[in-house]
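Read in order, the letters of the sequence shown are residues 0 to 353 in numbering that gives the first Met the number 0.
Just so it is clear, CB atoms sit at the ideal spot from N, CA and C, and this is done for glycine as well.
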Amino acid sequence: MLSRASSVKQLFRPTNVISLSRSVRHRSDGVKVVLVGGQSTLEVNLALMLKKSNQFSEICIYDSNTRNLKGICADLNTIHTPSTVTYRQGKHALEESLQNANIVMILDQNLPPEESKKSPTPEALETMFFNLNAEFCSKVAEAYATICPGAILAVAAQPVNSMTPLIYSIASKINHNVTINRVVGFTLKDEIQANILLSKKLQKPINEVKVPLTGGSSKTTIIPLLSTVKEADTMSEDEIKNFIEELRRVKEKQLSAQSSPLSSASALYRFVSSLAMAFKGQEVYERSYVACDLAPGCKFFVAKARFGPAGLQLVEPLPQLSEYEQALFQSAIFHLRIDLKRANDFVKNYSVDK
Numbered sequence: 000m001l002s003r004a005s006s007v008k009q010l011f012r013p014t015n016v017i018s019l020s021r022s023v024r025h026r027s028d029g030v031k032v033v034l035v036g037g038q039s040t041l042e043v044n045l046a047l048m049l050k051k052s053n054q055f056s057e058i059c060i061y062d063s064n065t066r067n068l069k070g071i072c073a074d075l076n077t078i079h080t081p082s083t084v085t086y087r088q089g090k091h092a093l094e095e096s097l098q099n100a101n102i103v104m105i106l107d108q109n110l111p112p113e114e115s116k117k118s119p120t121p122e123a124l125e126t127m128f129f130n131l132n133a134e135f136c137s138k139v140a141e142a143y144a145t146i147c148p149g150a151i152l153a154v155a156a157q158p159v160n161s162m163t164p165l166i167y168s169i170a171s172k173i174n175h176n177v178t179i180n181r182v183v184g185f186t187l188k189d190e191i192q193a194n195i196l197l198s199k200k201l202q203k204p205i206n207e208v209k210v211p212l213t214g215g216s217s218k219t220t221i222i223p224l225l226s227t228v229k230e231a232d233t234m235s236e237d238e239i240k241n242f243i244e245e246l247r248r249v250k251e252k253q254l255s256a257q258s259s260p261l262s263s264a265s266a267l268y269r270f271v272s273s274l275a276m277a278f279k280g281q282e283v284y285e286r287s288y289v290a291c292d293l294a295p296g297c298k299f300f301v302a303k304a305r306f307g308p309a310g311l312q313l314v315e316p317l318p319q320l321s322e323y324e325q326a327l328f329q330s331a332i333f334h335l336r337i338d339l340k341r342a343n344d345f346v347k348n349y350s351v352d353k
């Protein structure tokens, strides 16, 4: 049984809570975003992009490891923008990093070097990431539920199909005020990659091509809806199948953000910026892995979603699918149910007293 009792420690050891400034004021005209975990290169690239924006009052980097962030944050704070970059380190500093957070972005943990050198199959790599991220994400879910349940929680930790429902389930059991509309899975990079592939295949400018996706965020669940793309009308059935296979191969290669820290950071920056605009009251649309009833037996599904200050506001219905897309849709449902079961099985056996 999950309990609130040990989810948050009241006191934090000074050695585990480190900041570049003695006092960082939370400004009402800005947004505080917290980057939790993540491979060092990706995290720093993302922090740099966020620092250059004027949307944020504070960018806080939390890392449970002991790598040196002091110099990185000092360097970032010399960029002439209003936001302040802070950091917290150590297992006992997570709760403090989340104080006054408006947006929390959970990133992947680093695979141990001995594991990443094994050249695992995509299925084995996904399992590795699940085993690596599940425990860490659960601790983040506990702290989120207690410290900042009103924040928007974005999940980029792999596998997103499992991590998103896992995090929501744990957070909502600790605090019943946690709403599913505030928990969202990051899939924007999939859409960007689909746009790039199709623009190359059709030899059209990237700004003239937009491929809507649905399903999930894995090789077996990603569904590009090419039947809705006017520019793809000339593609044969074989060309469409080849495009989808190519997109899925790219998804395999990029399962780990370590392989593409710059493009991953760019996509994450756009997504966090969209959530910040939504938090400030603008209506923003982003295709994401969100709570909806588009597919039977799937708690979350990739869809075009409208976001506002409280997170998800509206999910647009799916367009009419082609016969081939219907087959992909049914296959995705099958695999997403497996991903959801894996998350549910973990939650059943998880205890905050561990």
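- At least 8 Å separates the beta-carbon of residue 308 from that of residue 332.
- By the neighbour-count definition (other C-beta atoms within 10 Å, threshold 16), residue 325 is an exposed residue.
- One Cα belongs to residue 231, the other to residue 321, and the distance between them is close to 13 Å.
- For residue 213, the closest of 289, 178 and 264 by C-alpha to C-alpha distance is 289.
- By the CB criterion at 8 Å, residue 136 and residue 165 fall inside the cutoff.
- Closest in alpha carbon position to residue 267, among 252, 78, 240 and 183, is 183.
- Around the beta carbon of residue 130, fewer than 16 other beta carbons lie within 10 angstroms, which makes this residue exposed.
- Residue 107 and residue 200 have their alpha carbons spaced roughly 31 Å apart.
- Across the set 264, 226, 101 and 46, the C-alpha of 101 shows the shortest separation from the C-alpha of residue 29.
- In this chain, residue 220 is not harboured by any alpha helix (DSSP H), its DSSP state being neither H nor E.
- In this structure, residue 216 lies away from residue 314, with their beta-carbon atoms at least 8 Å apart.
- Under the three-state reduction of DSSP, residue 259 is assigned to coil, being neither helix nor strand.
- By the Cβ test, the segment 166 to 183 is not in contact with the segment 238 to 246, since fewer than three Cβ pairs between them sit closer than 8 Å.
- Around the beta carbon of residue 73, a 10 Å sphere encloses fewer than 16 other beta carbons of the protein chains shown; the residue is thus reported as exposed.
- Residue 86 and residue 210 have their alpha carbons spaced roughly 37 Å apart.
- In the DSSP annotation of this structure, the continuous segment of the beta strand (DSSP E) that includes residue 59 starts and ends at 55 to 62.
- Minimum Cα-Cα distance from residue 43 among the listed residues 265, 125 and 275 corresponds to 265.
- Under DSSP, residue 323 shares a beta bridge with no residue.
- Spanning the alpha carbons of residue 124 and residue 339 requires a straight line of approximately 18 Å.
- For residue 185, there is no enclosing beta strand (DSSP E), as DSSP gives it neither H nor E.
- For residue 61, the closest alpha carbon among the candidates 52, 54, 51 and 46 is that of 46.
- The residue among 279, 39, 350 and 304 with its C-alpha nearest the C-alpha of residue 31 is 279.
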